[in-house]
Amino acid sequence: MRTLEINIPTIRDEILEISRSAAGIHHLLEVSLDTLAEHLGAEVGVAYLVDGEMLRLEAVRGLNGQRRPGQHMDLGSLSESRPRIVLLDKSAGETTDHPLREAFSTTPSDTILSLPLIHRGPVGYLFVGLPTATTIGEKDLAQLRNIGQILGLAIENAQLRERLAHEGRQSQTIYDISRAFVSTTSLDDLLNLIVHAAVETIERADNCVLHLFDEESGELHPRALSFAQVRPHVEGKSHLRIGRGVAGVALQEGRVMNVPDVSRDRRFVPSGDGRPFISMMAAPLRLGERRIGTLTVDSQEVDAFSDSDSRLLMTLATQAAAAIENARLVSDLQESLEHLKETHAQLVQSEKLSALGQLIAGVAHELNNPLTAILGYTQLLQISDRFDKEAQRDLQRVHAQAQQAAEIVENLLTFARQHKAERQYADVNEIIERTLELRSYQLHIDNIDVVTALEEDLPHTMVDASQIQQVLLNLVNNAQDVMIEHDGGGTLTIRSQTKGDRIRVSVTDTGPGLLPEAEKHLFEPFFTTKEVGKGTGLGLSICFGIVEGHNGRIWAENAPGEGATFIIELPIVAPKEETRGETESPIAPATKKRILIVEDDEQVASVLERLLAQDDHDTLWARDGIEALEALSRARERNEAFDLMISDVKMPNMSGMRLYEQVAQQYPELAKHMLLITGDTMSSDTQAFLRRVGLPYLTKPFKMEEMRLTLARILRQS
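One gets the working numbering by counting positions in the sequence shown from 1 and adding 71 to each.
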């Protein structure tokens with residue numbers, strides 16, 4: 072038997088590309104099967120996915136309609152995790168009862184490559200009929216296992232994408248239905264809309280019936296039928312009651328009842344309308360503890376409804392219950408509509424804030440390069456002896472103003488950044504000061520004096536600084552609004568102090584104080600005292616959630632006519648030992664090193680060149696990644712290696728990210744001695760890259776001393 076010679080690296084590269092570009096699982100398996108078969112010189116093959124205890128055919132090659140996608144095959148003894156050769160000929164010494172025998176019975180192939188597709192166990196199989204009298208070597212089989220794992224992971228990812236897409240479509244459908252429910256004010260129209268929406272949304276549902284609950288009699292009366300336009304006649308006793316019939320039990324127990332076959336369920340009570348069906352689901356219509364009715368769908372198929380259908384019906388029932396209650400309570404309709412308007416306003420405001428965050432990030436990125444240059448040049452000039460004292464003072468003023476601009480940019484980025492809660496050992500006083508810096512100009516022009524009484528040596532604690540800043544900013548904005556409206560200005564007082572094992576921060580205004588109604592509902596969502604269009608009523612509820620999430624407390628103290636005080640208490644939490652870090656000993660700047668600077672901004676590059684020249688470093692400037700690779704190639708030819716590379720992350724032509732990947736492949740030692748600089752730390756791509764590579768980096772604008780110390784640390788490791 073001849074051993075096939077196959078190019079494993081080429082197969083792997085092609086499969087990787089297929090995994091990245093395939094449009095869905097079927098396409099992935101179809102193209103992968105064709106690719107593998109072509110490399111093996113095979114004419115026939117099949118691709119299966121594991122489906123419970125069965126294998127479902129997904130793709131076919133060369134079987135001329137004898138096997139079609141969707142057919143199932145018994146999984147049988149297949150639980151393989153390694154590729155192997157299966158012989159289907161008795162004379163070859165292998166058993167002939169293999170489950171593949173039927174699949175390949177009409178083909179001349181008697182030697183089959185079985186390639187399991189693995190991700191935490193087999194998720195599918197590729198079976199390829201090899202040319203007659205050929206086999207595959209053990210070494211190639213072992214490498215084919217990696218290809219099977221690549222495809223297994225790709226299948227898992229594709230299944231996840233399809234599931235998320237399905238859930239997204241389902242969520243959109245539910246959203247559209249909920250909007251239709253809310254916009255329908257007539258109860259009869261609403262009930263008809265509900266039953267038809269249930270049939271359209273749940274895939275195998277044939278019909279739907281909605282019963283309303285009569286609290287006095289305990290009966291369930293049919294009020295809407297998807298299969299009839301006329302409102303049902305409900306006079307007389309109903310067959311269904313609370314606790315009787317499938318729908319009655321669902322309402323009593325407050326959960327969905329899924330009956331695979333009504334003929335085998337004693338709880339089923341025939342309705343007498345002569346409508347044939349086999350399986351059914353009933354969901355309770357409840358609003359809190361209030362019973363409203365039931366929503367029931369049926370099908371002529373046995374066991375038609377899945378757990379996913381049960382959850383979907385329960386979601387529809389929950390929305391329907393709220394809509395029915397709203398339609399009944401006409402006197403409360405206006406309030407409901409106001410809530411919807413507030414929700415819409417919140418969504419619009421959220422979109423505005425998102426757009427503002429992106430705008431801030433873009434502007435900050437553009438500002439960071441000139442700020443880096445200004446700060447760098449002023450620091451270089453300050454250490455020069457060419458200027459008199461007055462000029463030196465002017466340079467210090469320029470440097471201070473540029474530093475203040477850099478801090479404003481950083482504050483804006485901190486506020487606009489959208490990130491998961493990330494707690495660090497932080498100074499609450501510093502968070503307060505940064506928050507006030509953001510609002511200082513507007514507070515000043517609105518005639519609001521700011522008084523701070525911040526406790527010196529206030530203990531640090533573990534907090535998400537961005538979230539706490541959001542809380543403080545909301546409290547400051549609220550205080551500002553009430554004081555302007557009350558008296559055209561006022562005094563804002565912020566205090567910080569230690570109270571036992573807690574840090575207390577108070578924000579006090581000189582406004583009119585809180586009304587009794589406002590005190591009761593301050594932290595409830597959608598409650599606001601602001602006029603329409605000025606507030607969503609979500610700010611304080613979000614503050615409450617953030618502070619609670621930090622295991623703290625927030626409350627208000629009121630002095631009618633004199634103002635209100637909002638108080639935040641946060642627990643003092645020490646960091647884990649590993650987060651404290653060790654104090655580093657002073658590091659002397661390294662000198663006389665060859666350093667490649669990769670920076671598209673000429674002024675930033677010029678500052679870096681002058682700084683490094685002061686430490687006697689030999690530098691070369693490249694405008695982007697392409698120029699940098701060319702410089703590295705020339706240096707290699709001359710046997711003149713660079714000791715270190717400084718690279719911006721975001722550049723035209725070739726970014727610092729792509730440059731790093733190339734350097735890691737071609738110059739692995741230099742990749743270990745690379746310093747990244749960026750003005751785009753808000754970008755999720757940049758954050759992910761910095762976390763992945765683990766290289767030291769500096770954020771623009773940076774101080775020259777920071778650059779020196781960081782370079783010294785890197786070079787000390789070489």
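Here a beta-carbon is modelled for each residue, glycine too, at the ideal position from N, C-alpha and C.
Bear in mind that the values here come from a model prediction, so they are computed numbers and not experimental data.
Minimum C-alpha distance to residue i - residue among the options
i: D719; options: R335, D672, T205; result: D672
i: P341; options: A684, I668, H310; result: H310
i: K721; options: E740, I79, R694, H744; result: R694
i: A354; options: R326, L509, D456; result: R326
i: T386; options: Y246, H470, E287; result: Y246
i: C279; options: S180, R191, Q371, L222; result: Q371
i: L761; options: Q733, M728, P772; result: M728
i: E877; options: L104, D378, I613; result: Any answer about residue 877 is impossible in this case: the structure gives the chain only from 72 up to 789.
i: L384; options: R763, Q241, F458; result: Q241
i: R566; options: G219, F637, N710; result: F637
i: L828; options: V675, L107, I454, K663; result: There is no way to answer for residue 828, as the model of the chain reaches only from 72 to 789.
i: A635; options: L703, Q758, H557; result: H557
i: H621; options: I539, L158, G219, A225; result: I539
i: W626; options: G632, S612, E633; result: S612
i: L790; options: A388, F376, E711; result: Past the boundaries of the shown model lies residue 790; the chain is included only from 72 to 789, so the question cannot be answered.
i: S92; options: V131, P154, I226; result: I226
i: L786; options: I717, E109, E287, M725; result: I717
i: P331; options: S381, G582, R127, E708; result: S381
Cα-Cα separation between residue i and residue j, rounded to whole angstroms
i: D580; j: I516; result: 17 Å
i: K491; j: D756; result: Unreliable positioning characterises K491 in this predicted model, as indicated by a pLDDT of 48, which lies under 50. The coordinate reading is nonetheless provided below. C-alpha separation (whole angstroms): 15 Å.
i: V578; j: M778; result: 39 Å
i: L261; j: F615; result: 36 Å
i: I77; j: I183; result: 16 Å
i: K161; j: E129; result: Any reading at K161 is ruled out, since the residue's pLDDT is 39, under 50, leaving its predicted position unreliable.
i: E640; j: H98; result: 56 Å
i: V521; j: E504; result: 11 Å
i: T255; j: A398; result: 8 Å
i: R705; j: L730; result: 16 Å
i: F713; j: R191; result: 44 Å
i: A783; j: A236; result: 50 Å
i: A163; j: S350; result: In this prediction, A163 scores a pLDDT of 45, lower than 50, which makes its location untrustworthy; the coordinate-derived value is nonetheless stated afterwards. Taking the straight line from one Cα to the other gives about 51 Å.
i: Q674; j: P441; result: 8 Å
i: L529; j: N500; result: 7 Å
i: G219; j: V764; result: 28 Å
i: G95; j: A229; result: 6 Å
i: A702; j: L769; result: 23 Å
i: V469; j: I574; result: 37 Å
i: A113; j: G200; result: 6 Å
i: L514; j: E732; result: 48 Å
i: S257; j: A392; result: 14 Å
i: K771; j: E527; result: 30 Å
C-beta contact flag for residue i and residue j at 8 Å
i: M72; j: T206; result: yes
i: L186; j: V194; result: no
i: Q390; j: S249; result: yes
i: G364; j: F284; result: yes
i: I82; j: V102; result: no
i: T506; j: L466; result: no
i: L546; j: V480; result: no
i: E670; j: L682; result: no
i: M533; j: V618; result: no
i: D552; j: H531; result: no
i: D378; j: F348; result: no
i: D275; j: A394; result: Reading off the sequence, residue 275 comes out as Arg, not Asp. Their beta carbons are not under 8 Å apart, which means R275 does not touch A394 by this criterion.
i: L585; j: I519; result: no
i: G447; j: M775; result: yes
i: L75; j: L111; result: yes
i: G696; j: S726; result: yes
i: L667; j: A699; result: yes
i: G316; j: L197; result: no
i: A269; j: L366; result: yes
i: Q463; j: Q453; result: yes
Check: residue i C-beta below 7 Å from any heavy atom of the ligand GTP
i: D285; result: Although the ligand GTP was asked about, the structure shown includes no ligands whatsoever.
In chain order, which beta strand (DSSP E) runs of at least 3 residues are fully inside the segment 651-728? 665-669, 689-693, 715-719
Quick check: the segment 332-340 against the segment 287-295, are at least 3 beta-carbon pairs closer than 8 Å? no
Kindly confirm or deny that the segment 732-747 and the segment 675-694 touch, where touching means at least three C-beta pairs closer than 8 Å. no
Pick out the complete beta strand (DSSP E) segments inside the segment 275-349, 3 residues or longer, and give them in chain order. 278-284, 291-296, 328-330
Entirely within the segment 176-249 and at least 3 residues each: give me those beta strand (DSSP E) ranges in chain order. 182-189, 193-200, 205-207
If you scan the segment 500-539 from start to end, which runs of the beta strand (DSSP E) of 3 or more residues do you find wholly inside it? 519-525, 532-534
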